[in-house]
Amino acid sequence: MTKKQDVLERYLLGEVTDDERAEIEQGYFADDALFDQLVDVENDLVDSYVQDTLQPAARKRFEERFLTSSSGIARVEFARALQRKMAARSGRNPMSLRQLAIAASIAIVVIAAAWMTISLQRRPQLPITESRPQAPPPQRAIPPAPVQAQTQTAPVQTKRAAAALVTVLLTPGGTRESEAATPLVLRPAPQFVRIELVLEDDRYDSYAAELQDVEGRVLWKEQSLRARTAPSGRTVAVSVPAKLLPPGDYIVVLHGIRRGKASEINNYTFTVVALPARR
Amino acid sequence: MQRTAVLLTETGFKRLLESLDSDREIAGQKYERIQRKLISFFEWRGCAAAEELADRTIDRVSRRLIEGEEIRAKDPSVYFYAVARNIAHEWWNTQKQPARFLGPLAVAPNQLDDAEERFHCLDQCLEQLAPEAKYLILEYYEARGQQKIDNRRRLAVELRITPSALRLRAQRIREQLERCVLERLKHLGS
Numbered sequence: 090m091t092k093k094q095d096v097l098e099r100y101l102l103g104e105v106t107d108d109e110r111a112e113i114e115q116g117y118f119a120d121d122a123l124f125d126q127l128v129d130v131e132n133d134l135v136d137s138y139v140q141d142t143l144q145p146a147a148r149k150r151f152e153e154r155f156l157t158s159s160s161g162i163a164r165v166e167f168a169r170a171l172q173r174k175m176a177a178r179s180g181r182n183p184m185s186l187r188q189l190a191i192a193a194s195i196a197i198v199v200i201a202a203a204w205m206t207i208s209l210q211r212r213p214q215l216p217i218t219e220s221r222p223q224a225p226p227p228q229r230a231i232p233p234a235p236v237q238a239q240t241q242t243a244p245v246q247t248k249r250a251a252a253a254l255v256t257v258l259l260t261p262g263g264t265r266e267s268e269a270a271t272p273l274v275l276r277p278a279p280q281f282v283r284i285e286l287v288l289e290d291d292r293y294d295s296y297a298a299e300l301q302d303v304e305g306r307v308l309w310k311e312q313s314l315r316a317r318t319a320p321s322g323r324t325v326a327v328s329v330p331a332k333l334l335p336p337g338d339y340i341v342v343l344h345g346i347r348r349g350k351a352s353e354i355n356n357y358t359f360t361v362v363a364l365p366a367r368r
Numbered sequence: 012m013q014r015t016a017v018l019l020t021e022t023g024f025k026r027l028l029e030s031l032d033s034d035r036e037i038a039g040q041k042y043e044r045i046q047r048k049l050i051s052f053f054e055w056r057g058c059a060a061a062e063e064l065a066d067r068t069i070d071r072v073s074r075r076l077i078e079g080e081e082i083r084a085k086d087p088s089v090y091f092y093a094v095a096r097n098i099a100h101e102w103w104n105t106q107k108q109p110a111r112f113l114g115p116l117a118v119a120p121n122q123l124d125d126a127e128e129r130f131h132c133l134d135q136c137l138e139q140l141a142p143e144a145k146y147l148i149l150e151y152y153e154a155r156g157q158q159k160i161d162n163r164r165r166l167a168v169e170l171r172i173t174p175s176a177l178r179l180r181a182q183r184i185r186e187q188l189e190r191c192v193l194e195r196l197k198h199l200g201s
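Each protein sequence line maps, in turn, to chains S and F.
In the working numbering, each number is its position in the first sequence, counted from 1, plus 89.
In the working numbering, each number is its position in the second sequence, counted from 1, plus 11.
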């Protein structure tokens with residue numbers, strides 16, 4: 090990126106001084122070429138947001154600036170569709186290089202307990218350890234069926250604060266109402282929790298996932314998800330910001346989409362618990 | 012902010028165009044360009060009602076012209092900028108709370124298939140483009156980082172146009188596609 094492009098990007102993110110801003114604005118009102126360049130930088134910025142290649146601070150600024158209006162959201166959604174089109178055209182996965190790097194470095198740890206599998210990303214400078222499962226009761230009641238899938242997780246503890254990603258594998262299927270979901274322990278919190286949802290069958294064009302609390306409030310959602318083959322079978326993976334997961338019970342509702350129509354196909358529940366701080 | 016009807020009278024519009032250029036066609040092109048810049052200005056300033064504020068700016072300028080004021084600036088768009096800046100200040104003063112981050116939380120379940128519909132609409136809109144335009148847009152926005160820069164350089168050479176001409180074409184096609192997708196989505200929703 091040239092210095093000029095950098096300044097224009099900072100202008101769009103609201104990171105310039107008042108004087109710089111006035112200079113840029115006067116400039117593009119008087120100069121069509123500068124305005125075109127600014128629009129180009131804006132388009133690239135939107136694409137970078139969709140590709141998840143912005144730095145965290147820039148990403149936050151982008152959301153504050155662009156996702157506060159319906160036109161901004163529409164532009165982001167358009168960019169998402171365009172990226173998907175180009176990914177389909179070139180046969181590549183629309184996942185960002187950063188995401189690919191993270192995904193590639195995930196170490197999967199299979200716990201011996203039946204149905205329990207969890208993997209944990211390891212970064213050389215950020216050692217992460219695992220502990221034996223602990224299963225405290227859920228702090229809130231899980232609503233009755235059909236939201237009665239079982240989480241197949243083992244608790245995990247991290248030694249340091251900066252673990253980027255924890256992966257957890259969830260399978261659908263009912264459990265008795267008295268059975269508690271196995272807890273997922275996130276301490277200290279990673280930035281993202283990658284949830285792999287095991288499919289019973291894969292017969293949809295794409296998938297959408299919603300994270301809900303036990304009161305049914307939608308906390309987060311992700312669309313245009315594709316199934317992939319994993320050791321556990323066909324799965325759909327979502328990465329949820331860990332800050333959305335304070336201790337409590339959660340449900341991931343998976344929708345299958347075929348010919349543009351969505352239908353709910355499975356629910357997956359899990360519990361996040363907090364452990365007392367270590368001394 | 013209350014949405015107020017912005018009515019540009021025929022007299023006001025005529026006076027406005029005359030102030031932009033003596034040639035009516037060129038004046039019309041300049042008008043469209045200024046309107047586009049105004050909308051972007053308000054969006055980039057974080058004003059939620061960008062299009063309405065752009066209309067308000069044009070209305071205020073045309074009223075001043077009717078009242079006998081003259082645009083003394085060498086470039087009329089600078090005058091529009093000065094008025095737009097005041098309107099942006101006025102708008103911000105009416106906002107009691109800062110703009111709220113709208114996504115990605117709390118999306119109704121019936122919006123889940125929006126992404127699929129949008130994707131299909133984009134497909135259809137792309138098919139409406141001339142083959143060259145379709146090729147250009149998909150190539151221009153392909154790849155990331157340095158590869159994207161290299162792609163664009165190669166594309167400009169391939170199409171025998173300057174990088175700025177290429178950028179302009181890509182923007183026009185992208186805007187055309189965005190409009191097409193929005194119109195198709197509206198049609199689906201109606």
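Just so you know, even glycine gets a beta-carbon here, dropped at the ideal spot from N, CA and C.
These figures come from a predicted structure and were not determined experimentally.
> By how many angstroms is the C-alpha of aspartate 70(F) removed from the C-alpha of glutamate 21(F)?
Replying inline: Approximately 11 Å between the Cα atoms of the pair.
> For tyrosine 357(S), does the three-state DSSP call read helix, strand or coil?
Replying inline: Under the three-state reduction of DSSP output, tyrosine 357(S) falls in the strand class.
>> Which of the three DSSP states is assigned to isoleucine 340(S) in this structure?
In response: Residue state, collapsed to three classes: strand.
> Looking only at C-alpha atoms, which of Asp129(S), Ile340(S), Gln94(S), Ile284(S) sits nearest to leucine 308(S)?
Replying inline: Closest option to leucine 308(S), Cα to Cα, is Ile340(S).
> Helix, strand or coil: which one does DSSP assign to aspartate 129(S)?
Replying inline: The answer is helix: DSSP assigns aspartate 129(S) an H, G or I state.
> Alpha carbon to alpha carbon, how far is leucine 101(S) from tyrosine 151(F)?
Replying inline: If you take the alpha carbons of leucine 101(S) and tyrosine 151(F), they lie about 21 Å apart.
>> Can you look up glutamine 312(S) in the DSSP assignment and give me helix, strand or coil?
In response: In this structure, glutamine 312(S) counts as strand in the three-state DSSP scheme.
>> On the DSSP letters alone, give me the boundaries of the beta strand (DSSP E) that serine 295(S) sits inside.
In response: For serine 295(S), the enclosing beta strand (DSSP E) starts and ends at 295 to 302.
> Going by the beta-carbon positions, is the gap between serine 30(F) and isoleucine 82(F) smaller than 8 Å?
Replying inline: Taking 8 Å as the Cβ cut-off, serine 30(F) and isoleucine 82(F) qualify as a contacting pair.
> Any residues in the segment 85 to 105 of chain F with a beta carbon nearer than 8 Å to a beta carbon of chain A? Which ones, in chain order?
Replying inline: The structure shown contains no chain A; its protein chains are S and F.
> Quick one: is leucine 199(F) buried, meaning 16 or more other Cβ sit within 10 Å of its Cβ, or exposed?
Replying inline: Around the Cβ of leucine 199(F), a 10 Å sphere holds fewer than 16 other Cβ atoms; the residue is exposed.
> Which chain S residues are close to arginine 185(F), counting only those with a beta carbon under 7 Å from its beta carbon?
Replying inline: Under a criterion of Cβ atoms nearer than 7 Å, the residues of chain S adjacent to arginine 185(F) are, in order, Asn132.
> Of all the residues that make up the segment 146 to 171 of chain F, which are near chain S by a beta-carbon distance shorter than 7 Å?
Replying inline: If the cut-off is 7 Å between Cβ atoms, the segment 146 to 171 of chain F has Leu149, Tyr152, Glu153, Arg155 near chain S.
>> Less than 8 Å between CB atoms is the rule here; does phenylalanine 151(S) satisfy it with respect to chain F?
In response: For phenylalanine 151(S), not one C-beta of chain F is nearer than 8 Å to its own C-beta.
>> For a test of the three-state rule: what should DSSP assign to lysine 93(S), helix, strand or coil?
In response: In the three-state DSSP reduction, lysine 93(S) falls in the helix class (H, G or I).
>> Looking at chain F, is there any beta carbon in it that lies within less than 8 Å of the beta carbon of alanine 316(S)?
In response: Interface residue (Cβ-Cβ distance to chain F less than 8 Å): alanine 316(S) is not classified as such.
>> Please confirm whether leucine 97(S) has its beta-carbon closer than 8 Å to some beta-carbon of chain F.
In response: With 8 Å as the cut-off, leucine 97(S) does not count as an interface residue toward chain F.
> Does DSSP put proline 330(S) in a helix, in a strand, or in coil?
Replying inline: Here proline 330(S) carries a strand assignment [DSSP, helix/strand/coil].
> For the candidate residues Leu300(S), Arg348(S), Ala319(S), whose alpha-carbon lies nearest to that of tyrosine 357(S)?
Replying inline: For the set Leu300(S), Arg348(S), Ala319(S), the Cα lying nearest the Cα of tyrosine 357(S) is the one of Leu300(S).
> Buried or exposed: glutamate 128(F), going by 16 or more other Cβ atoms within 10 Å of its Cβ?
Replying inline: Buried, because 16 or more other Cβ atoms sit within 10 Å of the Cβ of glutamate 128(F).
> So, leucine 137(F) versus lysine 145(F), is the Cβ gap smaller than 8 Å?
Replying inline: Cβ atoms of leucine 137(F) and lysine 145(F): closer than 8 Å.
> Who are the near neighbours of proline 87(F) in its chain, counting only those whose CB is closer than 8 Å to its CB and skipping five residues on each side?
Replying inline: Apart from the 5 residues on each side of it in sequence, proline 87(F) sits with its Cβ closer than 8 Å to the Cβ of Ser30, Leu31, Lys41, Ile45 in its chain, given in chain order.
> Measuring CB to CB, does alanine 326(S) end up less than 8 Å from arginine 283(S)?
Replying inline: Taking 8 Å as the Cβ cut-off, alanine 326(S) and arginine 283(S) qualify as a contacting pair.
> If alanine 122(S) sits next to serine 175(F), beta carbons under 8 Å apart, how far is it from one beta carbon to the other, in whole angstroms?
Replying inline: Right, their Cβ atoms sit about 6 Å apart.
> Should the segment 168 to 177 of chain S be called in touch with the segment 149 to 157 of chain S, which here means at least 3 C-beta pairs below 8 Å?
Replying inline: The answer is no - the segment 149 to 157 of chain S does not touch the segment 168 to 177 of chain S, with fewer than three Cβ pairs under 8 Å.
>> Beta-carbon within less than 6 Å of glutamine 312(S)'s beta-carbon, same chain only, minus the 5 sequence neighbours each way: which residues are those?
In response: If you ignore the 5 residues before and after glutamine 312(S), its C-beta comes within less than 6 Å of the C-beta of Ala297, all in its own chain and listed in chain order.
> Name the chain F residues whose beta carbon is nearer than 9 Å to that of serine 321(S)?
Replying inline: Neighbourhood of serine 321(S) in chain F, by CB distance below 9 Å: empty, with the nearest CB roughly 25 Å away.
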